[in-house]
Amino acid sequence: MDGGWGDVWEALRNEFADITDVEQLTRVTVRLLIAALLGGILGFEREQNGKAAGVRTHMLVSIGAALFVLVPHMAGSQADAMSRVVQGIVAGIGFLGAGTILKGNMMDAHHVKGLTTAAGLWMTAAIGIAAGMGREATAVLSTLLAWAVLALGPRLVERAERKSAEP
């Protein structure tokens, strides 16, 4: 492959050379898959409860956050640079979350919807960051805790309200 096509092939090979060996490919794959799976768990819980931000949204947020920290980490970024990346993710997810928060109509101006969805997306991004940085155990533990809050929290509140309403 001399000249023409050989140059094209070499350029393509260099463009896809960011993953250098099987170990690195495994690491990247595992981190992104864990981020997707954990985001999907929280998204599934939200979707089962009829919320707009469901499985796909939570998975994309988690994978995106993981990728945003994984790429600079692989490139050898220093801790101060990674800190700025994380700050950017947190701020960006804040804007995404703000878009999910809706105030009630004029009849009920004090009713606000979407706070839990916004907080869930924020938490999902944090889980993605943990997975992307290779803190898989922390990401799994955080997902279990967040799931418990989302799934069991309303039941506990309902039970407490029933008990307080009893004579």
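Under my numbering, residues 45 to 211 are what the sequence shown spells out, in order. Idealized CB from N, CA, C, for every residue including glycine. Please read all numbers here as calculations on a predicted model, not as lab measurements.
Pairwise C-alpha distance: residue j and residue i
i, j, result
"Arg179", "Val52", "38 Å"
"Pro198", "Glu89", "12 Å"
"Val99", "Gly83", "7 Å"
"Glu141", "Thr161", "Position check: residue 141 holds Gly in this sequence, whereas Glu was assumed. Roughly 7 Å separates the two Cα atoms."
"Val115", "Gly94", "34 Å"
"Thr182", "Trp49", "47 Å"
"Val134", "Thr168", "11 Å"
Bounding residues of the alpha helix (DSSP H) (the contiguous stretch that carries residue i)
i, result
"Arg179", "Taken as a continuous stretch (DSSP letters only), Arg179 belongs to no alpha helix (DSSP H), as it is neither H nor E."
"Thr70", "66-92"
"Ala110", "99-118"
"Gly48", "48-59"
Buried or exposed by the 16-neighbour rule on C-beta atoms within 10 Å, applied to residue i
i, result
"Phe112", "buried"
"Ser208", "exposed"
"Gly120", "exposed"
**Request:** Would you check if the segment 127-142 and the segment 186-196 touch, i.e. whether three or more CB-CB distances between them fall below 8 Å?
**Result:** no
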